[in-house]
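**Student:**
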Amino acid sequence: MPKVLVSDKLSETAVQIFRDRGVDVDYLPDVGKDKEKLAEIIGQYDGLAIRSATKVTAKLLEHAPNLKVIGRAGIGVDNVDIPAASKKGVIVMNTPFGNSVTTAEHAIALMFAVARQLPEASVSTHEGKWEKNRFMGVEVFNKVLGIIGAGNIGSIVIDRALGLKMKVLAYDPFLSEERAKELGVKKVELDELLARADFITLHVPLTEKTRNILSRDSLAKTKKGVRIVNAARGGLIDEEALAELLQSGHVAGAALDVFAVEPATESPLFGLPNVVVTPHLGASTTEAQENVALQVAEQMSDYLLTGAVQNALNMPSVTAEEAATMGPWLKLAGHLGAFIGQMTDEPIKAINVLYDGTVAEMNLKALNAAVIAGVMKATNPDVNMVSAPVMAAERGVQLQTTTQAKSGVFDGYIKVTMVTEKRERSIAGTVFSDGKPRFIQIRGINVDAEIGAHMLYTRNKDVPGVIGALGMTLGDLGVNIANFTLGRTHAGDDAIAILYLDEAMRPATVEALRATGKFLQVRPLQFEV
């Protein structure tokens, strides 16, 4: 009988699901806060069910030789070291959609609270004051709401805001014009949103691209009197800059449920007038807690008892029979998608996938999901093979799949073509007999590129001296090249290089390459290998 530890507070109904399904479960809701005790007992468990209090680190995993699955009741997995879990062969699952409505409703509640200064008015009245003239609010009716991130939660906020008769602008690099029309919003660039919005609310994950998306410079571009809401992730806003703009009066109010450092026991925003703060309550409703708890119990039980995998962040959702033959192809599909996603800064209209030869007979749904997950991970590292197709559909990204009989020298290959308003970009790959994926064509140029964790892609005019400049610049900056692949169509046309490096590219190295003036494009890439 598999054994599961529930180390955070979880619904009793969820705990009973484990028991009813035949899983031995220990409910110790406070042990997740005790690192030493958790490390002492974790070795006896096959599964670990958590919320946000338990921190699953590489060090903890060293004490968990029997652990097979970690289930996070909720979407955020910031408290789980996923690469370390993957290396240990531990599946990490989450429940991506169980608290979407709750989080969206909290954002709307915060918007109302800051519009009408409700918390301050409540405190004042509790103190026996009757300061009716002190608290002059604003209506949300007919105001412009700027939504940063129009995915699952953002689209729910959009729906509620339109019901309040607000005018909604949306900034989301993956939002197509078709999807924007469907949602009833105007798709704009970030600067236009900042300049026009009376209220701004954020609904994006925290990534390197979104960190401080409301930076000091961005906040300075906002409309005077703007009110800002963040119920998504801490780190999206420069809190010190926001505090200064609140004190100067440029920003009329702010409401935050999340902070750069949590638990937030101090902040430059604390104590400022018309700043509403809550302790990360976005998912804190009875319904949401119940939904995600029941979902994680079902998912973990299914895996431990039958091997079925749902909502896994580090393992494809395929059957045991398919895994043996599809494993390398799923990895390749993810790499192809990741290449496309990291190379693209424009909204994606469509993803076209061609399956040739033997791979055309495999589970294309899983392979498509792996491609889409690879693409979406460029902007949302929490995405998985289950949630990626949903997220793509929400943004109006069209997926087209084509199969064909063996047509070339390879027994099978996958070609992914990304379509935006401005261009198409394609990449193809195959799996060699050693089971390792390879890139075999980029931009229609044939290559044979081994895939590593850290890579560099360059494009240049095919003229003398470019390769020398590339090698010399990297060498001077101490970057070691593990593998180097070149390709071109015709002499004098565009040429490309794709390099497998021993370490990640530093921004200064990228800038040094661009400063040579030899390259049309320089792009560092990361792959999960």
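If you use the numbering used here, the sequence shown corresponds to residues 248 to 776, in order. Note that beta-carbon positions come from the ideal geometry of N, C-alpha and C, so glycine has one too.
#1: Quick check on this structure: which residue in Glu-309, Lys-280, Leu-252 has the alpha carbon closest to the alpha carbon of Gly-294?
#2: Please classify Ser-258 as buried or exposed, where buried requires at least 16 neighbouring CB atoms within 10 angstroms.
#3: Just checking, does the segment 613-624 make contact with the segment 593-600 on the three C-beta pairs under 8 angstroms criterion?
#4: Tell me whether Gln-647 sits in a helix, a strand or coil according to DSSP, three-state version.
#5: State the start and end residues of the unbroken beta strand (DSSP E) segment that holds Ala-423.
#6: Just the C-alpha distance for Arg-298 and Pro-452, rounded to the nearest angstrom, thanks.
#7: To which residues of the same chain is Gln-645 closer than 7 angstroms at the C-beta, ignoring the five residues directly before and after it?
#8: When you compare only the Cα positions, how much space is there between Tyr-418 and Ala-479?
#9: Can you determine whether any heavy atom of the ligand FMN sits closer than 8 angstroms to the C-beta of Leu-416, and answer yes or no?
#10: Just mark Met-719 as buried or exposed, buried being the case when its beta carbon has 16 or more other beta carbons within 10 Å.
#11: Quick check: what's the CA-CA separation for Ala-311 versus Gly-581?
#12: Return the first residue and the last residue of the alpha helix (DSSP H) that Gly-472 is part of.
#13: Identify which residue in Val-324, Pro-330, Ala-296 has its Cα closest to the Cα of Lys-306.
#14: How many angstroms separate the CA atom of Gly-712 from the CA atom of Lys-765?
#15: Could you tell me which residues DSSP puts in a beta bridge with Ser-673?
#16: Report all residues from its chain with a CB closer than 6 angstroms to the CB of Gln-589; omit the five preceding and five following residues, and keep chain order.
#17: Over what stretch of residues does the beta strand (DSSP E) that includes Tyr-704 continue unbroken?
#18: When you compare each of Ala-742, Lys-683, Asn-399 to Val-630 by their alpha carbons, which one comes out closest?
#19: Give me the residue from Pro-754, Leu-748, Ala-652, Ser-402 with the minimum Cα distance to Thr-732.
#20: Going by DSSP in three states, Thr-732 sits in which element: helix, strand or coil?
#21: Can you name the start and end residues of the beta strand (DSSP E) that Met-340 belongs to?
#22: Excluding the five sequence neighbours on either side, which residues of its own chain have a C-beta within less than 6 angstroms of the C-beta of Glu-425, listed in chain order?
#23: Per DSSP, what kind of secondary structure is Thr-448 in: helix, strand or coil?
#24: Taking DSSP's pairing of strands, which residues face Arg-319 in a bridge?
#25: What is the DSSP secondary structure of Arg-685, reduced to helix, strand or coil?
#26: If you check the beta carbons only, do Ile-787 and Leu-392 fall under 9 angstroms apart?
#27: CB-CB under 6 angstroms to Val-324, same chain, minus the five flanking residues each way: which ones, in chain order?
#28: So for Asp-485, helix, strand or coil by DSSP?
#29: Below 9 angstroms between beta carbons: does that hold for Gly-529 and Ala-354?
#30: Check for me: the beta strand (DSSP E) holding Gly-604 runs from which residue to which?
#31: Are the CB atoms of Phe-506 and Gly-481 nearer to each other than 9 angstroms?
#32: Report the start-end ranges of each alpha helix (DSSP H) in the segment 341-394 that is 4 residues or longer and not cut off at the edges.
#33: Let me check understanding here. Comparing Cα to Cα, which of Asn-459, Asn-610, Glu-593 lies closest to Met-665?
#34: From which residue to which residue does the alpha helix (DSSP H) around Val-615 run?
#35: Checking 9 angstroms against the spacing of the C-beta atoms, do Asp-406 and Leu-441 come in under that value?
#36: For Ala-744 versus Leu-703, is the C-beta spacing smaller than 9 angstroms?
**Tutor:** Considering the structure as presented:
#1: Within the sequence shown, the letter at position 47 stands for residue 294. The shortest Cα separation from Gly-294 among Glu-309, Lys-280, Leu-252 belongs to Leu-252.
#2: If you number the sequence shown from 1, residue 258 lands on position 11. Buried: at least 16 other Cβ atoms inside 10 Å.
#3: yes
#4: Reading the sequence shown from its first residue, position 400 is the one you call residue 647. If DSSP states are grouped into helix, strand and coil, Gln-647 belongs with the strands.
#5: In the sequence shown, counting from the first residue as 1, residue 423 sits at position 176. One detail in the question is off: residue 423 reads as Ser in this sequence, not Ala. Unbroken run through Ser-423: none, as it is neither H nor E.
#6: What you label residue 298 is simply residue 51 of the sequence shown in a count that begins at 1. What you label residue 452 is simply residue 205 of the sequence shown in a count that begins at 1. Using only the alpha carbons, I get a separation of about 18 angstroms.
#7: Taking the first residue of the sequence shown as 1, we reach residue 645 at position 398. Around Gln-645: Lys-596, Ala-597.
#8: For the purposes of this step, residue 418 is identified with residue 171 of the sequence shown, where counting begins at 1. For the purposes of this step, residue 479 is identified with residue 232 of the sequence shown, where counting begins at 1. The alpha-carbon atoms of Tyr-418 and Ala-479 are separated by roughly 15 angstroms.
#9: Inclusion of the ligand FMN in the displayed structure is not the case, the ligand content being empty and no account of it being possible.
#10: Looking up residue 719 in the sequence shown gives position 472. Exposed: under 16 other Cβ atoms inside 10 Å.
#11: Residue 311 sits at position 64 when you count from the first residue of the sequence shown. Residue 581 sits at position 334 when you count from the first residue of the sequence shown. The alpha-carbon atoms of Ala-311 and Gly-581 are separated by roughly 28 angstroms.
#12: Position 225 of the sequence shown, counted from the start, is the residue given in the question as residue 472. Element bounds for Gly-472: n/a, residue is neither H nor E.
#13: If you number the sequence shown from 1, residue 306 lands on position 59. Nearest option by C-alpha distance: Pro-330.
#14: Counting from 1 along the sequence shown, the entry for residue 712 is found at position 465. Counting from 1 along the sequence shown, the entry for residue 765 is found at position 518. Between Gly-712 and Lys-765, the C-alpha separation is close to 8 angstroms.
#15: If you number the sequence shown from 1, residue 673 lands on position 426. For Ser-673, which the question treats as bridged, DSSP gives the partners Thr-664.
#16: The residue labelled residue 589 in the question sits at position 342 within the sequence shown. Excluding sequence neighbours, Gln-589 sits near Ala-625, Leu-772.
#17: The residue given as residue 704 occupies position 457 in the sequence shown. Per DSSP, Tyr-704 belongs to the beta strand (DSSP E) from 701-708.
#18: Against the sequence shown, residue 630 aligns to sequence position 383. Per the Cα distances, Asn-399.
#19: As a working note, residue 732 is residue 485 in the sequence shown. The shortest Cα separation from Thr-732 among Pro-754, Leu-748, Ala-652, Ser-402 belongs to Leu-748.
#20: By 1-based counting over the sequence shown, the position of residue 732 is 485. Strand, per DSSP.
#21: Locating residue 340 in the sequence shown gives position 93, where the first residue counts as 1. It spans 338-341 - the beta strand (DSSP E) in which Met-340 sits, taken as one unbroken run.
#22: By 1-based counting over the sequence shown, the position of residue 425 is 178. Around Glu-425: Gly-643.
#23: In the sequence shown, residue 448 corresponds to position 201, counting from 1. In the structure shown, Thr-448 sits in a strand (DSSP, three-state: E or B).
#24: As a first step, residue 319 must be located in the sequence shown, where it is residue number 72. Arg-319 pairs with Ile-297, Asn-341.
#25: The count along the sequence shown starts at 1 and reaches residue 685 at position 438. Strand.
#26: Outside the modelled stretch of the chain, which goes from 248 to 776, sits residue 787, for which no answer is possible.
#27: As a first step, residue 324 must be located in the sequence shown, where it is residue number 77. If we look at Val-324 and ignore the five residues flanking it on each side, its Cβ neighbours are Asn-341.
#28: For the purposes of this step, residue 485 is identified with residue 238 of the sequence shown, where counting begins at 1. DSSP places Asp-485 in coil when its eight states are reduced to three.
#29: By one-based count along the sequence shown, residue 529 stands at place 282. By one-based count along the sequence shown, residue 354 stands at place 107. Against a cut-off of 9 angstroms, the Cβ pair of Ala-354 and Gly-529 comes out as a contact.
#30: As a position in the sequence shown, residue 604 is number 357, starting the count at 1. Residues 595-604.
#31: Against the sequence shown, residue 506 aligns to sequence position 259. Against the sequence shown, residue 481 aligns to sequence position 234. Against a cut-off of 9 angstroms, the Cβ pair of Gly-481 and Phe-506 comes out as a contact.
#32: 347-363, 365-373
#33: As a first step, residue 665 is located in the sequence shown; it is residue number 418 there, counting from the start. When each option's Cα is compared against that of Met-665, the closest is Glu-593.
#34: As a working mapping, residue 615 is identified with position 368 in the sequence shown. The displayed chain sequence assigns Asn, not Val, to residue 615. Run containing Asn-615: 611-623, per the alpha helix (DSSP H) assignment.
#35: Position 159 of the sequence shown, counting from 1, holds the residue named residue 406. Position 194 of the sequence shown, counting from 1, holds the residue named residue 441. Their beta carbons are not under 9 angstroms apart, which means Asp-406 does not touch Leu-441 by this criterion.
#36: For the purposes of this step, residue 744 is taken as the residue at position 497 of the sequence shown. For the purposes of this step, residue 703 is taken as the residue at position 456 of the sequence shown. Against a cut-off of 9 angstroms, the Cβ pair of Leu-703 and Ala-744 comes out as a contact.
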